[in-house]
Structures are given as C-alpha cells and as structure tokens.
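Working notes, structure below.
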Amino acid sequence: MRKEKKLNIDSLGEITVRELTVAQVTGLMEQEGERPFYAIEAMMVADGKRLPLEAVALSCGLNADRLNGDIAPSDAALIWDAATEVNPFLSRLLERFSPILPSAGQLAQKS
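Numbering (this note's numbering), first residue to last: 5 to 115.
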C-alpha cells in the first residue's frame with residue numbers, strides 16, 4: 005500500500021503527497037539534460053532538504069512552476085517534509101548511492 009499524507013496549504017488548498025512507485029523513481033533517475041533554476045528548490049536545499057523538485061512535484065501532483073509560484077517557503081517546507089516522509093526509500097537512495105551510482109548523483113545534484 006502506497007503511503008500518503010494530506011496537507012492543507014493556504015495558497016494551494018488540500019493536497020495529497022504520495023509515495024512514488026518504483027517506475028516513477030526510475031523515470032526520475034533517467035532524466036537528463038539542462039533544467040531551469042527554481043528559487044524554491046534552492047531555498048529547500050539551503051534548509052537541508054534532499055529531494056529534488058521533480059520528485060516532490062511528482063509526489064504531490066503539482067507541476068514545478070506551481071511549487072515555484074505564489075507559495076510561502078514555510079508552506080513549501082511542509083510539502084518537502086511530507087514528500088520525504090512518504091518516500092523514505094528515495095531519500096536514502098539519494099543519500100547513500102549518490103557517490104557511486106551516476107543517476108542517483110545526478111538526481112541529488114538537481115536539488
């Protein structure tokens with residue numbers, strides 16, 4: 005059973021953050037190429053969050069631009085924390101395998 009957590013965010017309403025499937029994680033790790041700068045992601049990294057924006061967006065069903073839009077950083081932190089909570093395997097994968105698995109390192113560097 006996939007983990008999920010419901011949040012009520014003032015600027016977004018109620019959202020459900022879900023655990024990613026193995027296929028979704030594989031898709032994230034296969035992404036390559038340049039990507040735009042997202043201020044919200046930089047803020048979350050500065051706050052010690054590990055999951056990249058793409059993983060958080062996929063987990064909560066919102067696109068990256070929406071998460072980078074009119075949202076308070078404190079609300080974004082709640083979403084990042086929930087995404088990390090329901091995706092512990094992805095968090096550990098990024099932490100442990102970034103040095104040795106190129107795709108994990110690339111995904112971790114995106115954040």
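All residues carry an ideal CB built from backbone N, CA and C; glycine is no exception.
Taking the DSSP output, what are the residues bridged to Ile13?
Gly17
If we ignore side chains and look at the alpha-carbon of each, how far apart do Val90 and Leu16 end up?
19 Å
Arg70 by DSSP, collapsed to three states: which one?
helix
Report yes if the CB atom of Glu23 is closer than 8 Å to the CB atom of Glu38, and no otherwise.
no
Compute the beta-carbon to beta-carbon distance between Ala81 and Ala59, rounded to the nearest angstrom, for a pair I have assumed lies under 8 Å.
Incorrect: roughly 15 Å between the Cβ atoms, too far for contact.
Along the chain, where does the alpha helix (DSSP H) that runs through Leu32 open and close?
26-34
Leu94 and Leu55: beta carbons closer than 8 Å?
In this structure, Leu55 lies closer than 8 Å to Leu94 by Cβ.
Taking the alpha helix (DSSP H) that Leu82 belongs to, which residues open and close that run?
Element bounds for Leu82: 77-90.
Can you give the Cα-Cα distance for Glu99 and Gly52, rounded to whole angstroms?
12 Å
Within the same chain, show all residues whose beta-carbon is closer than 7 Å to that of Asp14, passing over the 5 residues directly before and after it, in chain order.
Asp79
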